[in-house]
Each structure stands twice: as C-alpha cells, then as structure tokens.
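Numbers in my numbering are just positions in the sequence shown, counted from 1, shifted up by 1. Beta carbons: idealized from backbone N, C-alpha and C, even for Gly.
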Amino acid sequence: MPKTGKSRRFFLINNIMAKVSTELAEKPTSVPKILCPNPSLVSLSESNVYFETNEFSTQQLSTSHHGNFGSNQANAFFMHTFNWKPELKCCQVLKAELILKVKALRPGSNPTTSPDAGNDTVTIVKNGGTTIISEKIYPSGSPFSAGYSISKTVVLNTVAQLSWLNTAQKLSFIVQDDTSVESATLKLTICCLSKPV
C-alpha cells in the first residue's frame with residue numbers, strides 16, 4: 002500500500018530521530034565546567050621554624066630535629082607547620098604545592114636506598130603523624146656530593162590529600178634527616194563562593 006504524504010513525512014521524521022538518538026548514545030555526554038566565582042592564589046613563606054606538636058607522632062617528636070632553616074646538623078629531622086586562614090567565607094583549597102629548597106648534608110649514594118642523604122624523604126603528615134603523602138627528595142640515578150642543592154615540589158590535588166588542609170587549615174611536613182631545608186613555600190589554589198564586600 003503506497004504511503005500518503007502525511008505518513009511519508011512521519012516515517013522520515015522517525016528515521017531522523019532514531020539516527021540522532023543513536024549518535025547521542027554513541028557519544029559520551031560532556032560535563033559542563035563550572036567556573037569558580039572567586040578564585041585566588043595564596044603563597045605562604047616562613048623565615049622561622051614553627052611546628053605544632055599534635056601534628057606529629059611521639060616517635061617523630063623524640064628524634065633530633067633542626068632548630069631552623071639552613072641548619073648544618075646531620076642526622077636531625079626538620080619539622081614545620083603552615084597555617085592558612087581564608088579571608089572570605091565558603092573557601093576551599095583545590096590544589097596545594099609545597100616547594101622546598103634543600104641541600105644535602107651528606108653524600109647520596111646510588112641506589113637511593115643507601116643509609117645516607119640519598120634515601121631522604123619529605124612527608125606531609127596530619128593529626129599525630131598520619132602520613133598524607135611521602136616522596137623521595139632526590140632523584141634516583143647518579144651519586145651526589147654533600148652540598149648538592151635542589152628544589153623539591155610536593156603536589157596535593159586530590160580530595161583525600163586536601164581534606165585535612167581544608168578541615169584544619171594547616172599543613173605539616175617532616176624532612177629526613179641528612180638534608181637541610183633552606184626555605185619552604187606553600188602555594189594554594191583556592192576557590193571561594195563569596196566575594197569581597
């Protein structure tokens with residue numbers, strides 16, 4: 002039975018809609034990006050060592066530790082706590098970068114598991130010494146001499162890593178023990194829902 006003009010149009014429309022539906026089903030739906038209404042970058046630097054004892058474990062606190070930045074005492078840990086206070090309401094850290102300028106107080110052998118500066122780590126801790134993230138300070142590879150200086154950056158960018166920083170508004174870290182910390186900077190990428198009045 003031949004299709005009338007009306008039934009032919011209906012048939013064509015159905016075919017087009019079916020094709021569009023198939024194409025949409027085959028293509029992943031993109032999630033719209035939500036822009037932060039009030040983003041900001043905050044940089045914190047310290048000239049004197051300050052650490053909150055409740056951020057570290059009893060064992061960490063019982064070890065020898067450096068009195069200040071730039072110490073030349075080997076076999077001594079370096080501990081420090083950064084505090085940040087949001088200037089506005091409803092603010093959250095989206096990314097944190099801990100940037101350390103460090104110097105080896107002892108040589109570092111290869112492999113880096115040797116008991117000298119080569120195996121030193123930087124560990125970000127919270128609430129009694131619980132580890133948030135821990136990384137080797139020096140790159141693996143060739144041995145290096147005492148006095149070797151580098152810049153080490155530790156990045157926090159997941160919800161789990163940033164949870165304590167957003168809740169307690171502090172970041173504490175400890176550096177092992179044949180490494181001198183020359184300077185420490187904490188850079189925060191922050192999003193606030195409120196704006197300055």
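Of the residues 157, 36, 91, the one whose Cα lies closest to the Cα of residue 197 is 91. Between residue 154 and the set 100, 178, 146, 163, the nearest pair of CA atoms involves 100. Per DSSP, reduced to three states, the secondary structure at residue 50 is coil, with no helix or strand assignment.
Contact between residue 144 and residue 110 holds, since their C-beta atoms are separated by about 5 Å, short of 8 Å. Apart from sequence neighbours up to five positions away, the residues of its chain that approach residue 46 with a beta-carbon distance below 6 Å are 186, ordered along the chain. DSSP places residue 56 in the helix class (H, G or I) of the three-state scheme.
Going by beta carbons, residue 79 and residue 66 fall inside the 8 Å limit.
By the criterion of a C-beta distance shorter than 7 Å, residue 51 is surrounded in its chain by 81, 82, once the five residues flanking it on both sides are discounted. Residue 62 carries a helical assignment under DSSP once its states are collapsed to helix, strand and coil.
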